[in-house]
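So the structure is just underneath, and the comments pick up after that.
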Amino acid sequence: MADFDTLLAEGASVPVEGWDFAWFAGRATEERPPWGYAGRLADRYRTAAAALDVQTGGGEVVRWALRRAGTVPGVLAATESWAPNAALARRALAPYGGTVALVADEDPLPFADDTFDLVSSRHPVVTDWAQIARVLRPGGTYLAQHVGVGTAHEVTEALLGPTPVAQGRHPAAAAAAARAAGLLVTDLREATLRLEFFDVAAVVVFLRKVIWIVPGFTVAAHRERLRALHERIEAEGPFVAHTTRYLIECSKPHRDAIG
22 MADFDTLLAE GASVPVEGWD FAWFAGRATE ERPPWGYAGR LADRYRTAAA
72 ALDVQTGGGE VVRWALRRAG TVPGVLAATE SWAPNAALAR RALAPYGGTV
122 ALVADEDPLP FADDTFDLVS SRHPVVTDWA QIARVLRPGG TYLAQHVGVG
172 TAHEVTEALL GPTPVAQGRH PAAAAAAARA AGLLVTDLRE ATLRLEFFDV
222 AAVVVFLRKV IWIVPGFTVA AHRERLRALH ERIEAEGPFV AHTTRYLIEC
272 SKPHRDAIG
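In our numbering, the protein residues as written are 22 to 280.
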């Protein structure tokens, strides 16, 4: 195994734009949820006339699903809040006629009411249910995979020490918020999944990409905690953490079904 300083330098140098995790092959593994989100999205694309992907990252999941679907909705749009990711997404979706709007995660969606019959999102940072309900057409569907409570909390505590688990990502809370926005929840399921890191460089890249796990993470500020984690991996083998994911699917009622 490479020495600590070499691994830190490697982890600090890897580009972190987009949601392509190919670099982690042989360095880290994450168990996949059993419902196959990207395959479900591909199925929806086969019948969607107008589709929006919210907080799309680099557009990687949308591109994969479009290839799997073998067809493209007549209108294909996405939003992304980080300019480097938005640039990647534009390149990824341009061959499919897709457009990508640079929009802060907390800002209103820049689309007219009743525009899309499919809105999707994989691992959104925030979810504005009122905006989703607004841009969906009556009868339209929201399909998403969200990050759940306590995801990678073992990593958080390895870098920060004992830390309360943030409680804002419960599936039941999301379902209640969706219903409050006027949507019908048609599917809701959750999974706890195994996450393994085989070296400290993989931890560094993970924390640089997934910035909410350790807010304000830098290699310099967390060097000694990273050293302890490196020594633990060398002595005990892969560092094991867990993620939670939940699938949520909602529909917007037809107007004659409201009230």
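Built from N, CA and C at the ideal position, the CB exists for glycine as well.
DSSP-derived helix/strand/coil call for residue i
{"i": "residue 244", "result": "helix"}
{"i": "residue 157", "result": "strand"}
{"i": "residue 264", "result": "strand"}
{"i": "residue 191", "result": "coil"}
{"i": "residue 13", "result": "With the chain covering only 22 through 280, there is no way to say anything about residue 13."}
{"i": "residue 34", "result": "helix"}
{"i": "residue 74", "result": "strand"}
{"i": "residue 217", "result": "strand"}
{"i": "residue 174", "result": "helix"}
{"i": "residue 211", "result": "strand"}
{"i": "residue 92", "result": "coil"}
{"i": "residue 146", "result": "coil"}
{"i": "residue 280", "result": "With a pLDDT of only 45 at residue 280, under the threshold of 50, the placement of this residue in the model should not be trusted; the figure read from the coordinates follows. Looking at residue 280 - three-state DSSP - the assignment turns out to be coil, as it is neither helix nor strand."}
{"i": "residue 137", "result": "strand"}
{"i": "residue 184", "result": "coil"}
C-alpha distance - residue i paired with residue j, whole-angstrom precision
{"i": "residue 193", "j": "residue 23", "result": "44 Å"}
{"i": "residue 81", "j": "residue 143", "result": "11 Å"}
{"i": "residue 162", "j": "residue 50", "result": "31 Å"}
{"i": "residue 134", "j": "residue 152", "result": "9 Å"}
{"i": "residue 126", "j": "residue 74", "result": "13 Å"}
{"i": "residue 76", "j": "residue 256", "result": "39 Å"}
{"i": "residue 100", "j": "residue 124", "result": "6 Å"}
{"i": "residue 279", "j": "residue 259", "result": "Any reading at residue 279 is ruled out, since the residue's pLDDT is 48, under 50, leaving its predicted position unreliable."}
{"i": "residue 155", "j": "residue 243", "result": "43 Å"}
{"i": "residue 160", "j": "residue 139", "result": "9 Å"}
{"i": "residue 42", "j": "residue 219", "result": "15 Å"}
{"i": "residue 186", "j": "residue 102", "result": "26 Å"}
{"i": "residue 216", "j": "residue 191", "result": "20 Å"}
{"i": "residue 212", "j": "residue 113", "result": "29 Å"}
{"i": "residue 115", "j": "residue 109", "result": "10 Å"}
Cβ-Cβ distance between residue i and residue j below 8 Å
{"i": "residue 228", "j": "residue 238", "result": "yes"}
{"i": "residue 178", "j": "residue 263", "result": "no"}
{"i": "residue 198", "j": "residue 150", "result": "yes"}
{"i": "residue 111", "j": "residue 121", "result": "yes"}
{"i": "residue 166", "j": "residue 66", "result": "no"}
{"i": "residue 221", "j": "residue 181", "result": "no"}
{"i": "residue 60", "j": "residue 106", "result": "no"}
{"i": "residue 205", "j": "residue 274", "result": "yes"}
{"i": "residue 84", "j": "residue 63", "result": "no"}
{"i": "residue 225", "j": "residue 240", "result": "yes"}
{"i": "residue 52", "j": "residue 209", "result": "no"}
{"i": "residue 14", "j": "residue 234", "result": "What is shown of the chain runs 22 to 280, which leaves residue 14 out entirely."}
{"i": "residue 223", "j": "residue 45", "result": "yes"}
{"i": "residue 132", "j": "residue 157", "result": "no"}
{"i": "residue 203", "j": "residue 265", "result": "no"}
Local Cβ density within 10 Å of residue i, reported as buried at 16 or more and exposed below that
{"i": "residue 269", "result": "buried"}
{"i": "residue 254", "result": "buried"}
{"i": "residue 146", "result": "exposed"}
{"i": "residue 148", "result": "buried"}
{"i": "residue 119", "result": "buried"}
{"i": "residue 232", "result": "exposed"}
{"i": "residue 168", "result": "buried"}
{"i": "residue 47", "result": "exposed"}
{"i": "residue 28", "result": "buried"}
{"i": "residue 15", "result": "With the chain running from 22 to 280 in the structure shown, residue 15 is simply not present."}
{"i": "residue 86", "result": "buried"}
Residue i - partner residues in DSSP beta bridges
{"i": "residue 167", "result": "267"}
{"i": "residue 101", "result": "123"}
{"i": "residue 49", "result": "218"}
{"i": "residue 205", "result": "272"}
Any chain C beta carbon closer than 8 Å to residue i
{"i": "residue 118", "result": "Of the protein chains in the structure, only one exists, and it is not chain C."}
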